[in-house]
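Numbering (this note's numbering), first residue to last: 267 to 421. Working notes for the structure below.
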């Protein structure tokens, strides 16, 4: 008899559970949404290049280092203009002046002067002339090259 009561009790609970689940709170509509995740790849031939190059000069004084750097960069920019780089395709990106230190045998360092550095970013739209542009810049005194990035023209 005890077994029959437990069976009836379990059956009653089992039948009542769906009714209990239909409480007023569960009738609230859950907002519907769609989540889409995707990935795409496009390959295209580059239309232009961005080059970061510059000049770094060392001297005993800050003024001398800056003067030498300005003179060298002026020569580089003049030569780039002669190769066909339009002024609107040249943008100054960095100018820095730092102490220059020499290392001694005991691991200590000693200030020996200053290093002045300036960097520009060039946009080269004629990729056939990229090698000539780099040769011209280095030939006129550009002694820093931080990279070349190929891109599409509308980026």
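C-beta: ideal position from N, C-alpha, C; glycine also.
Let's test the definition: count the other Cβ atoms within 10 Å of the Cβ of residue i and tell me whether it reaches 16, buried, or not, exposed.
i: residue 320; result: buried
i: residue 388; result: buried
i: residue 418; result: exposed
i: residue 351; result: buried
Using the C-alpha atoms, what's the distance from residue j back to residue i?
i: residue 363; j: residue 325; result: 11 Å
i: residue 404; j: residue 380; result: 22 Å
i: residue 374; j: residue 408; result: 31 Å
i: residue 369; j: residue 329; result: 23 Å
Starting from the C-beta of residue i, find all residues in its chain whose C-beta is less than 6 Å away, skip the five residues before and the five after it, and write them out in chain order.
i: residue 377; result: 365, 367
i: residue 414; result: 315, 317
i: residue 382; result: 323, 331, 332, 335, 363
Would you list the residues sitting across from residue i in a DSSP beta bridge?
i: residue 318; result: 387, 413
Three-state secondary structure (DSSP) at residue i?
i: residue 395; result: helix
i: residue 407; result: coil
Tell me which residues share the same chain as residue i and place their Cβ nearer than 7 Å to its Cβ, disregarding the 5 neighbours each side in the sequence.
i: residue 339; result: 321, 384
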